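Worksheet: the structure to be examined is printed underneath.
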Amino acid sequence: MRPVIPYVTAALLFGLGVYGVLRRRNAVLVLMAVELMLNAVNLILITADTTARALLPQGGQVFALFVIVLAAAEIGVGLAIVLQLYRMRASVAVDEVPLADGPATEPIPAGVTGSGRVAGSGRVAGSGRVAGGAGDAGPGAQRPEGER
Amino acid sequence: MTGVDVLLLALGAVAVGSAVLVVTTKHLVRAGLYLVVCLGAVAGLYLVLAAELVAWVQVLIYVGAVVVLLLFAVMLTRAPIGASDDLDRPGWPAALIGGGVGLGLAVLMVDAYRWTTVELPAAGTAERIGEQVFGSWVLPFEVLSILLLSALVGAIVLSRPDIGAARQATGDPDREPGRSR
Chain A
1 MRPVIPYVTA ALLFGLGVYG VLRRRNAVLV LMAVELMLNA VNLILITADT TARALLPQGG
61 QVFALFVIVL AAAEIGVGLA IVLQLYRMRA SVAVDEVPLA DGPATEPIPA GVTGSGRVAG
121 SGRVAGSGRV AGGAGDAGPG AQRPEGER
Chain B
1 MTGVDVLLLA LGAVAVGSAV LVVTTKHLVR AGLYLVVCLG AVAGLYLVLA AELVAWVQVL
61 IYVGAVVVLL LFAVMLTRAP IGASDDLDRP GWPAALIGGG VGLGLAVLMV DAYRWTTVEL
121 PAAGTAERIG EQVFGSWVLP FEVLSILLLS ALVGAIVLSR PDIGAARQAT GDPDREPGRS
181 R
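Residue numbers (our numbering), protein chains in the order written: chain A, 1 to 148; chain B, 1 to 181.
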């Protein structure tokens with residue numbers, strides 16, 4: 001078996017994932033491209049398990065399993081953020097997300113503060129300037145993955 | 001060029017080709033379905049590379065759960081059914097960086113493993129992988145379960161608007177009554 005074939009496949013998949021993350025505007029498509037990159041990493045781990053003799057047998061496959069679990073957690077939190085973004089702004093275009101204005105500087109529209117009517121009125125008030133919520137909780141929720 | 005190499009080449013071509021379609025297609029739902037093809041081909045690569053358990057976990061979690069979740073998100077965000085023109089940002093930087101990363105990594109890999117041939121190791125069945133996971137890797141496994149639980153709680157908190165609104169109401173109580181009336 002020539003390990004160069006799956007290695008090159010994984011490299012091309014990773015490049016395509018990078019291209020998709022940078023090119024796509026829709027947040028769901030960005031998440032799909034992130035999945036491509038995670039799969040490329042998994043493929044490299046599995047192939048390295050056949051070529052490199054590690055101290056522990058099948059370490060690469062165990063790592064690939066762990067990465068799959070991380071990807072499942074990432075896609076759950078990521079899609080929750082995307083749905084919250086759509087609920088607040090009625091759009092999932094990543095280049096329309098306001099990064100400059102924080103949650104404290106913007107006044108909250110009257111319809112969004114009532115707890116019972118948020119799901120219905122958030123779509124109506126989507127063009128209003130509602131910031132925060134999902135945006136500031138997102139990076140904090142995902143940070144423990146990188147540190148462990 | 002053995003039979004294993006031919007299988008790897010064919011599955012790799014399918015994976016890369018459908019990945020190209022995932023990042024270039026104009027239909028949102030079709031991107032999800034091409035992603036199924038790509039992930040299935042990668043699962044086939046795992047099977048050829050003697051990683052049985054990982055291949056079936058890939059089919060179960062990626063093709064089964066993650067893609068279904070992505071398609072749910074496509075439908076919940078009211079994506080158009082037909083082709084849409086506003087999916088892409090214009091610009092060559094993405095092609096430049098993506099192509100540079102992909103081709104650069106490919107050149108590195110070809111340079112490192114050009115003439116290497118290895119024998120396939122013993123198949124990574126559920127028994128062997130389970131011994132490793134619950135023997136040498138049991139502490140990362142437990143940490144990962146805590147991470148999965150926190151991601152679950154985080155997703156619930158993020159997707160329930162009443163929890164966030166209640167936290168905002170307690171954050172600045174003087175602004176809340178005048179605004180809700």
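Yeah, the Cβ is synthetic: ideal placement off N, Cα and C, and Gly gets one too. Being a predicted model, the structure only gives us computed values, none of them experimental.
Along the chain, where does the alpha helix (DSSP H) containing residue i start, and where does it finish?
i	result
residue 145 of chain B	138 to 159
residue 97 of chain B	93 to 113
residue 77 of chain B	Counting along the chain, residue 77 of chain B falls outside any alpha helix (DSSP H), and DSSP gives it neither H nor E.
residue 7 of chain A	4 to 23
residue 79 of chain A	59 to 89
residue 58 of chain B	No alpha helix (DSSP H) contains residue 58 of chain B, which DSSP labels as neither H nor E.
residue 2 of chain B	Taken as a continuous stretch (DSSP letters only), residue 2 of chain B belongs to no alpha helix (DSSP H), as it is neither H nor E.
residue 127 of chain B	126 to 135
residue 36 of chain A	27 to 51
How about residue i and residue j: are their beta carbons less than 8 angstroms apart?
i	j	result
residue 125 of chain B	residue 53 of chain B	yes
residue 66 of chain B	residue 20 of chain A	no
residue 48 of chain A	residue 17 of chain A	no
residue 68 of chain B	residue 28 of chain B	no
residue 159 of chain B	residue 84 of chain A	yes
residue 97 of chain A	residue 77 of chain B	no
residue 26 of chain B	residue 106 of chain B	no
residue 5 of chain B	residue 2 of chain A	yes
residue 128 of chain B	residue 4 of chain A	no
residue 12 of chain A	residue 102 of chain B	yes
Spatial neighbours of residue i within its chain, please: CB distance less than 6 angstroms, with the 5 preceding and 5 following residues excluded, ordered by chain position.
i	result
residue 44 of chain A	10
residue 19 of chain B	38
residue 38 of chain A	71
Can you look up residue i in the DSSP assignment and give me helix, strand or coil?
i	result
residue 209 of chain B	Missing from the structure shown is residue 209 of chain B; chain B here goes from 1 to 181 and no further.
residue 125 of chain A	Per-residue confidence for residue 125 of chain A stands at a pLDDT of 41, beneath the threshold of 50, marking its modelled position as unreliable; the derived number appears in the next sentence. If DSSP states are grouped into helix, strand and coil, residue 125 of chain A belongs with the helices.
residue 100 of chain A	coil
residue 50 of chain B	coil
For residue i, collect the residues of the same chain with a Cβ closer than 8 angstroms to its Cβ; drop the 5 residues on either side in sequence, then sort them by chain order.
i	result
residue 63 of chain B	36, 39, 40 and 43
residue 154 of chain A	Lying before the first or after the last residue shown, residue 154 of chain A is absent from chain A, which here runs from 1 to 148.
On the premise that residue j lies in contact with residue i, defined as a C-beta separation below 8 angstroms, what is that separation, rounded to the nearest angstrom?
i	j	result
residue 57 of chain B	residue 68 of chain A	6 angstroms
residue 32 of chain B	residue 70 of chain B	5 angstroms
residue 94 of chain A	residue 34 of chain A	About 12 angstroms; that fails the 8 angstroms criterion.
residue 50 of chain B	residue 120 of chain B	5 angstroms
residue 145 of chain B	residue 56 of chain A	About 20 angstroms; that fails the 8 angstroms criterion.
residue 155 of chain B	residue 77 of chain A	5 angstroms
residue 71 of chain A	residue 148 of chain B	With 8 angstroms as the limit, residue 71 of chain A and residue 148 of chain B do not qualify as a contact, their Cβ atoms being about 11 angstroms apart.
Determine whether the Cβ of residue i lies closer than 8 angstroms to any Cβ atom of chain E.
i	result
residue 2 of chain A	Judged by its chain identifiers, the structure shown contains no chain E, and its protein chains are A and B.
Keeping to the same chain, check which residues put their C-beta closer than 7 angstroms to that of residue i; ignore five residues upstream and five downstream.
i	result
residue 26 of chain A	92 and 93
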